[in-house]
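Participant: Each protein sequence line maps, in turn, to chains A and B.
Residues in the first sequence are numbered from 199 upward in steps of one, following the numbering used here.
Residues in the second sequence are numbered from 72 upward in steps of one, following the numbering used here.
Where a beta carbon is used, it is the ideal one built from N, C-alpha and C, also for glycine.
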Amino acid sequence: MRVMGVGGGAREHALAWKLSLSDHKPEIFWIAENRNPGIYKICKDNQGELRTGRTTDPKTIVRSARGWGVDMVVVGPEEPGFHGIPDALEKEGIHCIGASQELSIIERSKADLRRLQWENNLPGRLLFRTFKYAREASDFIRKNIDTQPWLQNIVIKPARQSGGKGVKLIEDRLAYLHDDKERFKEAYFDSLQESMAAYSDIEDKILVEEKAWGPEYSLQCFTDGKTVLGTPLVQDNKSAHEFDSGPETGGMGSISGPDMILPFVTREEYDKSLKIVEGIVEAIQKKTGRSYHGMVGGQMMLTENEGPTIIEMYSRLGDPEALNMLAMLKTDIIDVFQAIVERRLSKLKLEFTNEDAVVVKVVAPNGYPEKKDKAKGHPVQVFETNIKRNGCYLFWGNADLQENGEVVTGGSRLLALMAMDHTLPPASARIEKTVSSIQLTDGWGLYHRTDIGSEQLLAKRHDSAERVRRLYKYREEQGTLGRRMEWVPKVGKVDPSQLLLKEMRGPEKA
Amino acid sequence: MPGLVGFYTFGEGRENWDASHFIHYGLSALQGRGQESVSLAVIGPGNALHTLGGKGGVEDFFEKNGTGIPKGFIGIGQTSSYVDDHLVHVKAPYELVLALDGKTDLHENRGEASKLFARQFSQLLHSEKEPLKATSMLINKIGGGYSFVALTHKQELISGRNPLGVKPLETGSVGFDIAVVASETCALDVMGIDHTGPVETGEVIMFTPEDIRGNAPAADAGNFCSYEYVYLARLDSKVNTLPVATVRNNIGRELAKAHPAKADVVIGVPETALPVANGYSQEAGLPQELGFVRTGENIRAALEPTQKERLVGVQLKLNPVKSAIEGKDVVLVDDSVVRGNTLHNTVLNLKRNGAHQVHVRIGSPTLISPCPYGVEIPPRDELVSSSLNEKELANNVGADSISFMTVDELQHAIGLPRQNLCMRCFENGGATR
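#1: Count the C-beta pairs between the region 638–652 of chain A and the region 582–596 of chain A that are closer than 8 Å, then say yes if the count reaches three, no if not.
#2: List, in order along the chain, the chain A residues whose C-beta lies closer than 7 Å to that of asparagine 87 of chain B?
#3: Exposed or buried, which one is lysine 709 of chain A when buried takes at least 16 other CB atoms within 10 Å?
#4: Is the shortest distance between the beta-carbon of aspartate 442 of chain A and the beta-carbons of chain B less than 9 Å?
#5: Which whole-angstrom value is the C-beta distance of valine 392 of chain B and valine 251 of chain B, which I expect to be below 8 Å?
#6: Which first and last residues belong to the alpha helix (DSSP H) in which valine 260 of chain A is found?
#7: Taking Cβ positions only, does glutamine 299 of chain A come closer than 9 Å to chain B?
#8: In the region 474–489 of chain A, which residues sit with their C-beta less than 8 Å from some C-beta in chain B, listed in chain order?
#9: If you measure from the beta carbon of glycine 231 of chain B to each beta carbon in chain A, is any gap under 9 Å?
#10: Which complete beta strand (DSSP E) runs does the region 258–317 of chain A hold, if anything under 3 residues is left out?
#11: Report the residue ranges of all alpha helix (DSSP H) runs contained in full by the region 444–510 of chain A; include only those spanning at least 4 residues, in chain order.
#12: Quickly, what does DSSP pair arginine 269 of chain B with across the bridge? List them, please.
#13: Looking at lysine 383 of chain A: is its Cβ nearer than 9 Å to the Cβ of lysine 409 of chain A?
#14: Straight-line CA distance for isoleucine 509 of chain A to glycine 356 of chain B?
#15: Skipping 5 residues on each side, what residues in its chain have a beta carbon closer than 7 Å to that of tyrosine 645 of chain A?
#16: What does the alpha-carbon distance come out to for the pair glutamate 305 of chain A and serine 513 of chain A?
#17: So phenylalanine 535 of chain A and valine 204 of chain A are supposed to be a Cβ contact under 8 Å. How far apart are they, rounded?
#18: What residue does the beta strand (DSSP E) around lysine 126 of chain B start on, and which one ends it?
#19: For the structure I just gave you, are there three or more beta carbon pairs, one from the region 222–238 of chain B and one from the region 114–121 of chain B, closer than 8 Å?
#20: Would the region 405–420 of chain B and the region 306–314 of chain B be scored as touching if the rule is three or more Cβ pairs under 8 Å?
#21: Is any heavy atom in the ligand FMN found nearer than 8 Å to the beta carbon of phenylalanine 581 of chain A?
#22: Which residues in chain B have a C-beta closer than 9 Å to the C-beta of leucine 564 of chain A? List them in chain order.
#23: Can you tell which of A:Ala657, A:Leu314 and A:Thr507 has the C-alpha that lies nearest to the C-alpha of glutamine 483 of chain A?
#24: Within 9 Å of any Cβ in chain A, is that where the Cβ of valine 129 of chain B sits?
#25: Check the Cβ of glutamate 369 of chain A against every Cβ in chain B and list those closer than 8 Å, keeping chain order.
#26: If you follow the alpha helix (DSSP H) that threonine 206 of chain B is in, where does it begin and where does it stop?
#27: Using 9 Å as the threshold, is the C-beta distance between valine 237 of chain B and isoleucine 485 of chain B below it?
#28: Tell me whether alanine 212 of chain A is buried or exposed, calling it buried when 16 or more other Cβ atoms sit within 10 Å of its Cβ.
#29: Assuming leucine 622 of chain A contacts isoleucine 459 of chain A under a Cβ cut-off of 8 Å, what Cβ separation, rounded to an integer in Å, is found between them?
#30: Three Cβ pairs or more, each shorter than 8 Å: is that satisfied between the region 387–406 of chain A and the region 495–507 of chain A?
#31: On the criterion of 16 or more Cβ atoms from any shown chain inside 10 Å, does valine 494 of chain A qualify as buried, or is it exposed?
#32: Taking DSSP as the reference, what is the three-state secondary structure of cysteine 496 of chain B?
#33: Just how far apart, CA to CA, sit glycine 451 of chain A and alanine 438 of chain A?
#34: Report yes if the C-beta distance between tyrosine 490 of chain A and aspartate 422 of chain A is below 9 Å; otherwise report no.
#35: Use the C-beta contact count for serine 198 of chain B: other C-beta atoms within 10 angstroms, 16 or more gives buried, fewer gives exposed.
#36: Might you give, ordered along the chain, the residues of its own chain that have their beta carbon closer than 7 Å to the beta carbon of aspartate 406 of chain B, omitting 5 neighbours on each side?
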C-alpha cells in the first residue's frame with residue numbers, strides 16, 4: 199500500500215510517524231514546502247520519498263500522487279484544503295483524507311461558521327457582527343455599545359484566514375481606559391481593512407465577536423460524513439510566553455490525558471462538545487451537499503453564557519494537538535483512514551490509551567512570532583541520544599534539511615518535544631530535562647514554555663474552569679443558558695441575539 | 072518607599088497604546104506606598120527615552136502636566152514616599168532608566184545607592200552580550216533588599232527581584248498585547264490586567280521586541296518583608312502569593328487569642344487596622360463598631376515626612392463616632408506603633424468622647440529598629456517602643472492597657488516559615504539609622 203502525505207510541520211511529522219507504525223506497512227511518500235528532516239527520514243525508511251513543492255497547488259499534488267501511484271492521500275494543514283487539493287485528488291479517483299474546499303469554509307471563514315450556527319440554532323455560539331469597512335465597524339460599536347454591552351468586550355478577527363493577521367482581544371470594562379481601548383481597536387479595524395482589501399471574493403472583511411473567558415480545549419474528530427468519532431481532549435497554549443503572556447502564536451505546546459478528558463473538563467462537557475461538533479458537520483454537509491471525510495475539530499471554550507462553546511473550527515487536525523492525539527491512538531491509523539474512505543466509521547472500534555498523559559512543548563527560535571525574518575536560517579544541533587534517554591520524542595516543524603545534511607530554522611515553530619507519563623507534571627518535567635538537547639550552533643536563542651503541563655498551570659486552568667462552570671450551571675438551572683439578556687435604562691429589555699438574527703435576515707429580504 | 076509599574080506591549084498596532092495613561096492608573100493604586108513624588112519614562116517611535124518627574128501625588132502630577140506627559144507605547148513609572156525621589160537615568164555606556172524599590176548596599180544613602188546600581192547596570196549591559204545574563208549577574212553581586220524595573224534604549228524592559236526578595240514584584244498580562252510588572256497586584260487589577268504570578272526571588276524577567284526571557288529564580292524562597300503584611304501593602308493585593316486581607320484577618324485573630332481584653336466593643340484605627348479589628352472581633356466574640364470617620368483623602372500618617380504633617384493627618388483622619396464609644400470599654404486595634412503620636416491622639420480622643428476603659432492591641436511587634444531596605448521607619452530615637460516598655464507607653468498615651476504581638480505570633484499569623492520572613496525592624500540588630 200502506498201500513502202502520500204501533504205504538509206511539512208510537526209503535525210505532519212507525527213502523521214508520518216504513526217503511518218510508519220502501521221501493521222499495513224505502507225510505503226510513505228510526502229509533499230511539503232520545506233524538507234522536514236523527520237518526514238524525510240521516515241519516507242526514506244519506508245520505501246518512499248519526500249518531495250518539496252507548493253502544497254496549495256492542485257496540479258503539483260495530483261501529478262505527484264499519480265506519478266507515485268498512491269492509494270490514499272492524507273492532507274495535514276488547512277491551506278491545501280482551502281485550495282481544493284482534496285477535490286482535485288478525488289476527481290482523479292484518488293482517495294483523500296481531508297475536508298474538501300467547500301466544507302473547509304468552517305475554518306476558512308470565521309463569519310460563515312458563526313452564521314451557520316445562528317441560522318441552524320446550534321448551541322455553543324457567540325454573538326458576532328461582520329463589517330466590510332473599518333469605519334462601519336467603529337460606527338456600529340460607538341452607536342450600540344450602551345444598549346448592547348457585549349460590544350465592550352470583543353474579539354476582533356479577520357473574517358477569513360488572512361496571512362499573518364491575528365486576533366485582538368479587547369476588554370473595555372474600565373471607563374477610565376475606554377479611550378485607550380477605542381483608539382487601539384479602531385486602528386486595528388483600519389489595518390484589517392487594508393490587508394483584506396486584496397480579497398475580492400468575500401463581502402466580510404472584519405469579524406467582531408463577543409469575548410468569552412474560560413479554559414480552552416480542542417476536540418479533534420474523525421468523520422466519514424455519517425459518523426463523527428471524538429478523540430481525547432487536548433489543550434493547546436497560544437500565548438508565546440509563560441502563564442499566557444506575550445503575543446499570539448500557532449500554539450506553544452499542548453496537554454492531554456491520561457483519559458479522554460482533561461483534568462479540568464467533565465465527561466458531560468466532553469459529550470456536549472462532541473454534539474456541538476457533530477452539529478456543525480451535519481449543518482455544513484447539508485448546506486453544501488458535500489460529504490465530509492477527514493478530520494474536523496472544535497477549538498472550544500467553557501463560557502458563562504453557553505457552557506461548551508466553539509471559538510473556531512479546524513477542518514484538519516490541530517498543530518500541535520495532533521501529536522497528543524496520535525500518541526494516544528491505539529487503533530492502527532491505516533484502519534482508521536480506510537474506514538473513513540469506505541464510510542464505515544460507525545463500525546470502527548477507535549481506541550486510545552487510558553494510561554498515559556501526554557505533554558508536547560514547542561521549541562521556537564527567538565524572534566518568533568513577531569520577527570520571523572530574524573528567527574530564520576539558524577543551524578540546529580540535536581543530541582538525539584539524550585532525547586531518547588529521557589523517553590522523549592522529537593517532531594520537526596518549521597525546519598529545513600539542507601543538501602549538506604545541516605538543518606536550519608525556518609523562522610516559525612522549529613520542533614516539538616513530546617513525553618508521556620502517568621500524569622501531566624512528570625511528563626512536563628521530562629521535557630524540561632531534555633530541552634537543552636536542542637541548540638542553535640550560531641548562538642541564536644531558542645525558547646519554549648516551561649509552564650505547560652506544570653502543577654501551577656493546571657491549578658490555574660482548574661480554577662478558571664470551576665468559576666465559569668458555576669456561572670453556566672447557574673444559567674442551566676435557571677433555564678437561561680444560551681440566552682443574552684440586558685436591561686438598558688430608558689430602552690428596557692434588550693436581547694442582542696434577536697437583534698443579531700434580525701440583522702442576519704434583513705439583507706436577504708432586500 | 073516607591074511603588075513601581077512597568078508596561079510592555081507586543082504585536083501589531085502596539086504604537087497605538089498610551090503607556091503613560093496605563094501607568095497613571097497603576098501608580099494611583101500604589102499610592103499607599105508613597106505619594107510625595109512621581110516619575111515616569113516611556114519609549115515612543117524612534118526609540119528615544121522620555122522622562123518626567125515631579126513632586127506630589129499621582130493625580131496632581133498627571134493633571135498638572137496634562138499634555139506635557141510624554142507619550143510612548145512602553146514605559147515605567149514610580150510613585151514614592153520620598154520627596155524628590157526620581158528615576159535614575161544613565162545615558163552611557165548603555166542608556167537606561169531605573170526605578171528601584173528598596174535599597175542596595177552600595178551606599179549609606181538610598182538615592183546614591185540606587186544611582187550607583189544604575190551605573191553598574193549600564194556598564195554590565197554594555198560589556199556582557201546577553202542582557203539577561205548581565206542582569207542576573209548584577210542582582211547576585213549587589214546586596215541589599217530590592218526590586219526594580221528598568222527601561223533601555225533598545226526597547227527592553229527589565230524587571231527583577233534580588234535573591235533576598237524583601238521587596239515584592241508581580242507580573243500580569245492581558246490578551247496577546249500587554250504585559251505588566253508592578254509592586255502589587257492591586258495595580259494590575261486597576262489597569263485591567265490579569266495577574267500571572269510573582270517575580271520570584273532572584274528572578275529576572277525581561278521583555279524585548281523579540282521575546283520575554285527569564286532566568287532561573289534563586290533556589291531559596293527568600294526573606295519577605297513582614298511589614299508589607301502588617302501595613303504597607305494594599306488590602307486587595309496578594310504579596311508573595313498570600314492575600315493581604317487574609318493575613319490581616321489572621322493577625323487580628325492571633326492578637327485576640329494571645330492578648331485578650333475585657334471590653335464591650337472592638338474599634339479599629341482606619342484604614343489599615345480595620346480588617347485586623349475585624350479578625351479580633353470574630354475571634355473574641357465582641358462586636359466591631361466603626362469608631363471613626365475620615366475627612367479628606369486617605370493619608371498614610373506613618374509615611375508623612377514631618378511631625379506636623381503627621382498630626383494633621385491623624386486629626387483629619389480620625390473623627391470619632393460618639394455613639395459607638397460612649398460609656399463603653401473599648402479594645403482599640405491598630406496595625407503598628409511608630410512614634411506613638413497617632414496613638415496618643417486617638418486614645419485621648421476616645422476618652423474625651425465618653426469611652427470608659429481603652430485597651431490598645433497592636434497587630435505587630437514593637438518597632439525598634441529602622442529598616443535597612445528603605446522603608447521609612449525612622450531612626451531609633453524616634454521609635455517610641457525602643458525607649459518605653461508597654462506599661463510606660465500605656466501611661467504615656469493614656470490607655471488602660473497596651474500589648475503588642477510577639478514576633479512568633481506575627482510569623483504564625485502570616486503563615487510563612489520564620490527563615491522566609493524579614494523581621495529586622497521588630498528585632499534588635501537591625502540597622503541603626
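Facilitator: Considering the structure as presented:
#1: Under the 8 Å Cβ criterion, the region 638–652 of chain A does not count as touching the region 582–596 of chain A, having fewer than three qualifying pairs.
#2: Here residue 87 of chain B corresponds to residue number 16 of the second sequence, with the count starting at 1. Arg381, Phe382 and Ala385, listed in chain order.
#3: Look at the range of chain A in this structure, 199 to 708, and you will see that residue 709 of chain A is not part of it.
#4: On the first sequence, residue 442 of chain A is found 244 positions in, with the first residue counted as 1. With 9 Å as the cut-off, aspartate 442 of chain A counts as an interface residue toward chain B.
#5: The residue labelled residue 392 of chain B in the question sits at position 321 within the second sequence. The residue labelled residue 251 of chain B in the question sits at position 180 within the second sequence. That pair is no contact at about 39 Å.
#6: Counting from one through the first sequence, the residue named residue 260 of chain A turns up at place 62. It spans 256–266 - the alpha helix (DSSP H) in which valine 260 of chain A sits, taken as one unbroken run.
#7: Numbered from its first residue, the first sequence carries residue 299 of chain A at position 101. Output row for glutamine 299 of chain A: interface = no.
#8: Within the region 474–489 of chain A, no residue has a Cβ that lies closer than 8 Å to any Cβ of chain B.
#9: Your numbering for residue 231 of chain B matches position 160 in the second sequence. Contact of glycine 231 of chain B with chain A is not assigned, every C-beta pair being separated by 9 Å or more.
#10: Entirely contained in the region 258–317 of chain A, the beta strand (DSSP E) runs reaching 3 residues are, in chain order, 270–273 and 293–295.
#11: Within the region 444–510 of chain A, the runs of alpha helix (DSSP H) at least 4 residues long that lie entirely inside it are, in chain order, 465–486.
#12: Counted from its first residue, the second sequence places residue 269 of chain B at position 198. Correcting the residue type first, residue 269 of chain B is proline in the shown sequence and not arginine. Note: proline 269 of chain B sits in a beta bridge opposite B:Glu241.
#13: Residue mapping note: residue 383 of chain A aligns to position 185 of the first sequence, counting from 1. Residue mapping note: residue 409 of chain A aligns to position 211 of the first sequence, counting from 1. Cβ distance not < 9 Å, so lysine 383 of chain A and lysine 409 of chain A don't count as in contact.
#14: If you number the first sequence from 1, residue 509 of chain A lands on position 311. If you number the second sequence from 1, residue 356 of chain B lands on position 285. The alpha-carbon atoms of isoleucine 509 of chain A and glycine 356 of chain B are separated by roughly 51 Å.
#15: Within the first sequence, the letter at position 447 stands for residue 645 of chain A. Closer than 7 Å at the Cβ level, and outside the excluded window around tyrosine 645 of chain A, lie Ala562 and Asn564.
#16: Mapped onto the first sequence, residue 305 of chain A falls at position 107. Mapped onto the first sequence, residue 513 of chain A falls at position 315. Their Cα atoms are separated by approximately 6 Å.
#17: Taking the first residue of the first sequence as 1, we reach residue 535 of chain A at position 337. Taking the first residue of the first sequence as 1, we reach residue 204 of chain A at position 6. Between valine 204 of chain A and phenylalanine 535 of chain A the Cβ distance is about 14 Å, and since that is not below 8 Å, they are no contact.
#18: For the purposes of this step, residue 126 of chain B is taken as residue 55 along the second sequence, with counting starting at 1. It spans 120–126 - the beta strand (DSSP E) in which lysine 126 of chain B sits, taken as one unbroken run.
#19: The region 222–238 of chain B, when compared against the region 114–121 of chain B, does touch it at the 8 Å Cβ threshold.
#20: Taking 8 Å as the limit for Cβ pairs, the verdict is that the region 306–314 of chain B does not touch the region 405–420 of chain B.
#21: Summarising the ligand content, the structure contains no ligands, and the ligand FMN is consequently not present.
#22: Residue numbering aside, residue 564 of chain A sits at position 366 when the first sequence is read from its first letter. Correcting the residue identity first, residue 564 of chain A is asparagine in this sequence and not leucine. By Cβ distance, chain B contributes Thr279, Glu281, Asp282 and Arg284.
#23: As a first step, residue 483 of chain A must be located in the first sequence, where it is residue number 285. Among A:Ala657, A:Leu314 and A:Thr507, the Cα nearest to that of glutamine 483 of chain A belongs to A:Leu314.
#24: If you number the second sequence from 1, residue 129 of chain B lands on position 58. Residue-level contact check: valine 129 of chain B does not touch chain A, since none of the beta carbons of chain A fall below 9 Å from its beta carbon.
#25: Sequence index remark: in the first sequence, residue 369 of chain A carries index 171 (1-based). Val245, Gly246 and Gly263, listed in chain order.
#26: Along the second sequence, one-based indexing puts residue 206 of chain B at 135. Where threonine 206 of chain B is concerned, the enclosing alpha helix (DSSP H) stretches over 202–212.
#27: Taking the second sequence and counting its residues from 1, one reaches residue 237 of chain B at position 166. Taking the second sequence and counting its residues from 1, one reaches residue 485 of chain B at position 414. In this structure, isoleucine 485 of chain B does not lie closer than 9 Å to valine 237 of chain B by Cβ.
#28: Taking the first residue of the first sequence as 1, we reach residue 212 of chain A at position 14. Alanine 212 of chain A comes out buried.
#29: The residue labelled residue 622 of chain A in the question sits at position 424 within the first sequence. The residue labelled residue 459 of chain A in the question sits at position 261 within the first sequence. The pair is not a contact, with the Cβ atoms about 13 Å apart (cut-off 8 Å).
#30: Taking 8 Å as the limit for Cβ pairs, the verdict is that the region 495–507 of chain A does not touch the region 387–406 of chain A.
#31: Position 296 of the first sequence, counted from the first residue, corresponds to residue 494 of chain A. With 16 or more other Cβ atoms from the protein chains shown falling within 10 Å of its own Cβ, valine 494 of chain A counts as buried.
#32: Stepping through the second sequence from its first residue, residue 496 of chain B is reached at position 425. Of the three classes helix, strand and coil, the one that applies to cysteine 496 of chain B here is helix, per DSSP.
#33: The residue labelled residue 451 of chain A in the question sits at position 253 within the first sequence. The residue labelled residue 438 of chain A in the question sits at position 240 within the first sequence. Rounded to the nearest angstrom, the two C-alpha atoms are 10 Å apart.
#34: Here residue 490 of chain A is taken as the residue at index 292 of the first sequence, counted from 1. Here residue 422 of chain A is taken as the residue at index 224 of the first sequence, counted from 1. Yes.
#35: Locating residue 198 of chain B in the second sequence gives position 127, counting from the first residue. Counting of Cβ neighbours within 10 angstroms places serine 198 of chain B among the exposed residues, the total staying below 16.
#36: Mapped onto the second sequence, residue 406 of chain B falls at position 335. Spatial neighbours of aspartate 406 of chain B in its own chain (CB-CB distance under 7 Å, excluding positions within 5 residues in sequence) are listed in chain order as Val301, Tyr302, Thr343, Ala344, Val347, Gly434 and Ser435.
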